[in-house]
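I have placed the structure first, in the form of structure tokens, so that the comments after it can refer back to it.
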Amino acid sequence: METWRIIWYDKVQMKGICTVENMILQTPRLVLRKMTKADWGDLCEILQDEQVMYAYEHAFCEQECTDWLNRQLERYAREGYGLFAVCLRDAGQMVGQCGLSLQPWQGREVLEVGYLFKKKAWKNGYAAEAARACRDYAFDTLGAEAVYSIIRENNLPSRRVALRNGMVATAHAIKQYYHMDMPHVLYCITREEWNKEKKINIRLRREEDFAFLFCVLKQNMQDLYREAFEKWEDIREEAFLRSELAKAPYWLIMRDNEPIGFFSVSSQKGNLMLNELQLKKGEQCRGLGSRILLKLSEYAAQKRSGLCLEVLKNNTRAIRLYQWLGFCITGQNKTHLQMEKKARKE
């Protein structure tokens with residue numbers, strides 16, 4: 010169960026001190042440093058890959074790669090930051106780029122976290138790890154009041170990274186690029202929201218937490234149950250919840266030592282099963298539920314297992330969220346859908 014604390018906080022004990030020239034940031038697995046002319050070959054591997062650059066609608070030519078690198082060097086000299094080379098701590102190999110830059114949005118400039126990684130480095134969580142480090146650098150070191158990511162609407166993997174970075178979609182706009190109208194989404198996290206997120210942690214439920222668990226469950230599910238089963242009986246549902254608490258650990262989601270939700274997971278036939286995920290009414294629709302699901306997906310992926318769940322058929326909002334996060338319907342009965350986010354194949 011201690012594993013959950015590692016996954017939740019994204020903290021891993023670092024071994025030694027990494028000394029890299031031009032280093033700006035380091036994370037448990039990565040080093041972010043300023044790029045140099047010597048990185049041109051690695052940069053071309055990213056920018057000239059059509060699959061990596063699908064959101065740009067074309068792979069870059071050599072001149073475009075050179076211009077891109079020169080822009081970062083100019084940004085370092087002018088602002089002190091730009092897109093950085095992302096390298097593996099152990100091997101020193103450049104696997105992508107991630108950093109901060111000022112970008113235009115609807116007549117103003119916003120401080121954006123941007124990221125692009127080599128295809129062979131995908132699906133390792135590197136983008137989210139590097140983006141979190143850049144977000145924290147923007148608030149801690151640069152004193153930013155808000156940090157953004159501007160993402161093409163159909164770029165779902167990058168949008169999921171933004172969610173894992175604590176951001177929420179705040180605006181939509183059409184950007185013209187490469188002679189095309191491209192719908193984009195503006196994701197944002199403010200300093201206030203960032204400070205709140207830092208105060209969120211988890212703990213195992215205690216016996217005295219039962220009233221909170223049942224209250225949140227009733228608030229969220231009573232109407233859905235009445236629609237699906239034509240009834241909700243407190244005594245019956247309390248007994249069912251107690252039986253579920255005896256089967257698997259339940260974790261409380263806390264902010265400032267006050268519970269704001271809970272979740273439960275267990276192992277089932279080689280997969281990770283999400284038994285329950287509930288947030289208080291005032292905590293919903295703020296991206297927290299999505300971030301928890303993505304953290305659980307990341308943990309399942311590390312174990313090479315899928316993440317499974319069941320959802321009421323009439324809970325259409327939850328179904329849309331699960332599908333957007335990459336879950337597929339694998340079965341159904343009269344009242345529920347079975348869904349799974351499958352383990353990636355190497």
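Each residue of the sequence shown is one higher than the one before, starting from 10 at the first, in the numbering used here.
For every residue, glycine included, the Cβ atom is placed at its ideal position computed from N, Cα and C.
These numbers were taken from a predicted model, which means no experiment stands behind them.
Residue(s) in a DSSP beta bridge with residue i
i              : result
histidine 181  : Val194
alanine 155    : Thr199
glycine 270    : Ile262 and Leu288
valine 119     : Gln112
methionine 282 : Ser275 and Cys317
methionine 189 : Tyr186
lysine 350     : Leu316
valine 40      : Gln35 and Cys96
tyrosine 124   : Cys107
arginine 300   : According to DSSP, which records beta bridges pairwise, arginine 300 is partnered with nothing at all.
arginine 161   : His193
asparagine 210 : Met263
glycine 340    : Gln347
Candidates the options, of which the one nearest residue i by Cα
i              : options                           : result
lysine 205     : Arg245, Ser252 and Met263         : Met263
glutamine 277  : Glu88, Leu316 and Trp241          : Leu316
arginine 214   : Lys350, Asp58 and Phe223          : Phe223
tyrosine 331   : Leu165, Glu242, Lys289 and Leu302 : Leu302
glycine 116    : Pro268, Lys184, Asp243 and Ala255 : Lys184
valine 225     : Lys256, Thr344 and Leu261         : Leu261
threonine 344  : Lys322, Asn133, Gly108 and Leu250 : Lys322
tyrosine 187   : Glu66, Ser275, Asp48 and Ala140   : Glu66
asparagine 174 : Met348, Lys304, Ile244 and Ala140 : Ala140
cysteine 53    : Cys74, Gln35, Thr36 and Ala64     : Cys74
Close Cβ partners of residue i (< 7 Å) along its chain, the five nearest in sequence each way excluded
i              : result
isoleucine 328 : Val320 and Leu346
glycine 279    : Ser314
glycine 134    : Glu307
serine 110     : Arg84, Gly91, Leu92, Glu121 and Gly123
6 Å Cβ shell around residue i - same chain, five flanking residues per side excluded
i              : result
lysine 196     : The sequence given here places tyrosine at residue 196; lysine does not occur at that position. Once the five neighbours on either side are set aside, the close Cβ partners of tyrosine 196 are Ser158, Ala171, Met176 and Ala178.
alanine 68     : Gln57, Glu59 and Met62
asparagine 31  : Arg42 and Lys43
asparagine 210 : Met263
Exposed unless 16 or more other CB atoms sit within 10 angstroms - verdict on residue i
i              : result
arginine 42    : buried
serine 252     : exposed
serine 356     : The displayed coordinates of the chain run from 10 to 355. Any statement about residue 356 would go beyond what the structure contains.
arginine 14    : Confidence at arginine 14 is low in this model, with a pLDDT of 48, below 50, so its placement is unreliable and no value can be given for it.
tryptophan 203 : buried
tyrosine 234   : buried
asparagine 266 : exposed
tyrosine 85    : buried
isoleucine 338 : exposed
glutamate 121  : buried
methionine 282 : buried
leucine 78     : buried
Own chain residues within Cβ distance below 8 Å of residue i, not counting five before or after
i            : result
arginine 200 : Phe148, Ala153, Glu154 and Ala155
(request) Return the chain-ordered ranges of every alpha helix (DSSP H) run that is complete within the segment 43-111 and spans a minimum of 4 residues. (result) 49-56 and 71-87
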